[in-house]
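Visitor: Numbering-wise (this note's numbering), the sequence shown opens with residue 75 and increments by one.
Glycine is no exception: its CB is placed at the ideal position from the N, C-alpha and C atoms.
Just so you know, these numbers come straight off a predicted model, no measurement behind them.
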Amino acid sequence: MPVPQAPKIMDETTRKELAAWLEFYQELGIEGFFRRDSSTAAPLPGLAAAKPASPEIVTQKTAASRSTAPASGALAARPPAASSAPSAASAAAHPSQQAIRPPAPTFNLFEAAPAPRSGPETLEQIREDLGDCQRCKLAPTRKTIVFGEGNPRAELMFIGEGPGADEDEQGLPFVGRAGKLLNRMMETVGLKRADVYICNVVKCRPPGNRTPEKDEVDACSPFLYRQIESVKPRLICCLGAPAVRTVLGIKEGITKIRGRFYDFAGTKALATVHPAYVLRNPREEKILREDFEKIREYLKAAPPSQDL
Ligand code: SF4
Numbered sequence: 075m076p077v078p079q080a081p082k083i084m085d086e087t088t089r090k091e092l093a094a095w096l097e098f099y100q101e102l103g104i105e106g107f108f109r110r111d112s113s114t115a116a117p118l119p120g121l122a123a124a125k126p127a128s129p130e131i132v133t134q135k136t137a138a139s140r141s142t143a144p145a146s147g148a149l150a151a152r153p154p155a156a157s158s159a160p161s162a163a164s165a166a167a168h169p170s171q172q173a174i175r176p177p178a179p180t181f182n183l184f185e186a187a188p189a190p191r192s193g194p195e196t197l198e199q200i201r202e203d204l205g206d207c208q209r210c211k212l213a214p215t216r217k218t219i220v221f222g223e224g225n226p227r228a229e230l231m232f233i234g235e236g237p238g239a240d241e242d243e244q245g246l247p248f249v250g251r252a253g254k255l256l257n258r259m260m261e262t263v264g265l266k267r268a269d270v271y272i273c274n275v276v277k278c279r280p281p282g283n284r285t286p287e288k289d290e291v292d293a294c295s296p297f298l299y300r301q302i303e304s305v306k307p308r309l310i311c312c313l314g315a316p317a318v319r320t321v322l323g324i325k326e327g328i329t330k331i332r333g334r335f336y337d338f339a340g341t342k343a344l345a346t347v348h349p350a351y352v353l354r355n356p357r358e359e360k361i362l363r364e365d366f367e368k369i370r371e372y373l374k375a376a377p378p379s380q381d382l
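1. Can you give, in chain order, each stretch of the alpha helix (DSSP H) that sits fully within the stretch 247 to 293 and has at least 4 residues?
2. Hey, how far is the Cα of A315 from the Cα of V347?
3. Name the two residues that bound the continuous beta strand (DSSP E) containing D365.
4. Secondary structure at L313, three-state DSSP: helix, strand or coil?
5. Within a Cβ cutoff of 7 Å, which residues of the same chain sit near E86, ignoring the five residues on either side of it in sequence?
6. Taking the straight line between their C-alpha atoms, what separation do you get for F366 and V276?
7. Determine the direct distance from the alpha carbon of G236 to that of P286, and round the result to whole angstroms.
8. Between D203 and G222, what straight-line distance do the alpha-carbon atoms span, to the nearest angstrom?
9. Taking only the alpha-carbon atoms, compute the straight-line gap between G224 and P280 and give it to the nearest angstrom.
10. According to DSSP, is L344 part of a helix, a strand, or is it coil?
11. So does the stretch 291 to 304 actually touch the stretch 328 to 335, counting three or more Cβ pairs closer than 8 Å?
12. Taking the alpha-carbon of L344 as reference, which of G234, D289, G245, A239 has the nearest alpha-carbon?
13. Out of curiosity, what's the CA-to-CA distance linking R354 and L256?
14. What is the rounded straight-line gap between the Cα of T196 and the Cα of S304?
15. Can you find the residues in the same chain that come closer than 8 Å, C-beta to C-beta, to E243, ignoring five residues on each side of it along the sequence?
16. Let me check understanding here. Comparing Cα to Cα, which of R227, K211, R209, P247 lies closest to I302?
17. Give me the DSSP bridge partner(s) of G224.
18. Got a sec? Which residues, its chain only, sit under 8 Å from V249 by beta carbon, not counting five neighbours each side?
19. Kindly list the residues whose CB is nearer than 6 Å to the CB of A293, restricted to its own chain and excluding five residues on each side of it in sequence; keep chain order.
20. Can you tell me where the beta strand (DSSP E) holding D337 begins and where it ends?
21. Which residue wins for smallest C-alpha separation from P247, given the options P356, K368, R267?
22. Does the beta-carbon distance from F232 to L313 come in below 8 Å?
23. Three-state secondary structure (DSSP) at L230?
24. Here's the rule: buried if 16 or more other CB atoms are within 10 angstroms of the residue's CB, otherwise exposed. What is T383?
25. Shorter than 7 Å, the distance from the beta carbon of C311 to the closest heavy atom of ligand 3, or not?
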């Protein structure tokens, strides 16, 4: 017959730490804490270092707090409000350091963190959301929506202005003469088209290859921003003034600001001329070459961890 063990006395540090966690979870609307015999508890996968020497805690989330669960990120940076905040090790394993999702109705704090409901949006999801888009006046005249093409985890993302006739026919970006020049420029700096991601500010061809108008850019650019967020490139290369204006908000002439690096939400972005401009002004090919050299230097010099 098993000999009953004397209850363990909680030390002061653990007691304060536990109090901080309880206060934090109560602020989140989690209630109904009770002790459970640790001898019957399952092992704590991956949380051994984070497990405090304290009784098991099981929580039950109220229906009200579930229905008013805050959006992801709003609480992620909010630590438990106590001077005896949990250690770095325990914080690293704590769900508050991850995106907070509406949790399952019941979970054990120290046995299993609530699994994230979903990861970053994929390009497929964004394309699906775009659907047979009729959001702007370019829809009736297009043949094909040219969403984008390339490596969904590319380090380098090219953003052009909008599809031309060839792209409209084939449904792929930069496949006409300008696209061939772009491919050649990439080759000169050792890049393969399959390694990069290419898309445009607007996904439908403006009639006569005119510059996209503001209302068209406004309607389409949210999809571009979502593509950037999904790919998370180390470097964005804006090809031509409309891309520079949309992504960087810079209205100066492209020939004045080209070759410079800017910041787009923590990602470096280089402004350069559109290959179509070089086709019209062949003597300007040297400036595109110069800027592609900068791309090569940047990708070679900066390790990925410095940019993220
Ligand atoms: S340009 Fe963009 S917003 Fe306009 S119809 Fe095409 S996909 Fe939709």
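Guide: With the given structure in hand:
1. 251 to 262
2. As a working note, residue 315 is residue 241 in the sequence shown. As a working note, residue 347 is residue 273 in the sequence shown. Going from the Cα of A315 to the Cα of V347 covers about 7 Å.
3. As a position in the sequence shown, residue 365 is number 291, starting the count at 1. Counting along the chain, D365 falls outside any beta strand (DSSP E), though it belongs to the alpha helix (DSSP H) covering 359 to 375.
4. On the sequence shown, position 239 is the one that residue 313 refers to. Looking at L313 - three-state DSSP - the assignment turns out to be strand.
5. In the sequence shown, residue 86 corresponds to position 12, counting from 1. Here the set comprises nothing.
6. Against the sequence shown, residue 366 aligns to sequence position 292. Against the sequence shown, residue 276 aligns to sequence position 202. Roughly 23 Å between the two C-alpha positions.
7. To locate residue 286, count along the sequence shown from 1; it is residue 212. To locate residue 236, count along the sequence shown from 1; it is residue 162. Cα to Cα, P286 sits roughly 7 Å from G236.
8. Within the sequence shown, the letter at position 129 stands for residue 203. Within the sequence shown, the letter at position 148 stands for residue 222. Approximately 14 Å, taken between the alpha carbons.
9. The sequence position of residue 224 within the sequence shown is 150, counting from 1. The sequence position of residue 280 within the sequence shown is 206, counting from 1. Answer to the nearest angstrom: the Cα atoms are 23 Å apart.
10. On the sequence shown, residue 344 is found 270 positions in, with the first residue counted as 1. In the structure shown, L344 sits in a strand (DSSP, three-state: E or B).
11. no
12. Taking the first residue of the sequence shown as position 1, residue 344 is located at position 270. The residue with the shortest Cα to Cα distance from L344 is G234.
13. Counted from its first residue, the sequence shown places residue 354 at position 280. Counted from its first residue, the sequence shown places residue 256 at position 182. Between the alpha carbons of R354 and L256 lies a distance of about 14 Å.
14. Here residue 196 refers to the residue found at position 122 of the sequence shown. Here residue 304 refers to the residue found at position 230 of the sequence shown. Taking the straight line joining both Cα atoms gives about 6 Å.
15. Taking the sequence shown and counting its residues from 1, the one referred to as residue 243 is at position 169. Closer than 8 Å at Cβ, skipping near neighbours: K217, T218.
16. One-based indexing of the sequence shown puts residue 302 at position 228. Ranking the options by Cα distance to I302, first place goes to R227.
17. In the sequence shown, residue 224 corresponds to position 150, counting from 1. Y271, per the DSSP bridge assignment.
18. As a first step, residue 249 must be located in the sequence shown, where it is residue number 175. So the list reads D240, E241, once near-sequence residues are dropped.
19. Numbered from its first residue, the sequence shown carries residue 293 at position 219. Same-chain partners within the cutoff: R209, C210.
20. Taking the sequence shown and counting its residues from 1, one reaches residue 337 at position 263. Per DSSP, the continuous beta strand (DSSP E) segment holding D337 begins and ends at 335 to 338.
21. The residue given as residue 247 occupies position 173 in the sequence shown. Minimum Cα distance to P247 is reached at R267.
22. Locating residue 232 in the sequence shown gives position 158, counting from the first residue. Locating residue 313 in the sequence shown gives position 239, counting from the first residue. Yes.
23. On the sequence shown, residue 230 is found 156 positions in, with the first residue counted as 1. Looking at L230 - three-state DSSP - the assignment turns out to be strand.
24. Not covered by the structure: residue 383. The range shown for the chain is 75 to 382.
25. This structure simply doesn't include ligand 3; it includes ligand 1 instead.
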